[in-house]
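Enquirer: Pasting a structure below so you can have a look.
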Amino acid sequence: MVAPTSFFLDYGCHVRILEEARVLQKHGHRVTLVTYYLGRNLPDLEIIRT
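For the sequence shown, our numbering begins at 6 and goes up steadily by one.
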């Protein structure tokens, strides 16, 4: 999944991206989020920062 924003901050599209990733994980998908270098890591979510 690509997040064209500095993921994760507690507002707007960041919350939507997180919820989409959680739903995919719940349905058995392995999610890797690729995003900008700023932001906060979250437990149980693989994040690659550029």
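Just so it is clear, CB atoms sit at the ideal spot from N, CA and C, and this is done for glycine as well.
Just verifying my parser: in three-state terms, what is the DSSP assignment at V3?
Expert: This structure cannot settle anything about residue 3, because the visible part of the chain is limited to 6 through 55.
Enquirer: Tell me the DSSP secondary structure of R54 in three-state form.
Expert: Strand at R54.
Enquirer: When the Cα of L23 is compared with those of H34, Y41, A8, which residue comes out closest?
Expert: Among H34, Y41, A8, the Cα nearest to that of L23 belongs to A8.
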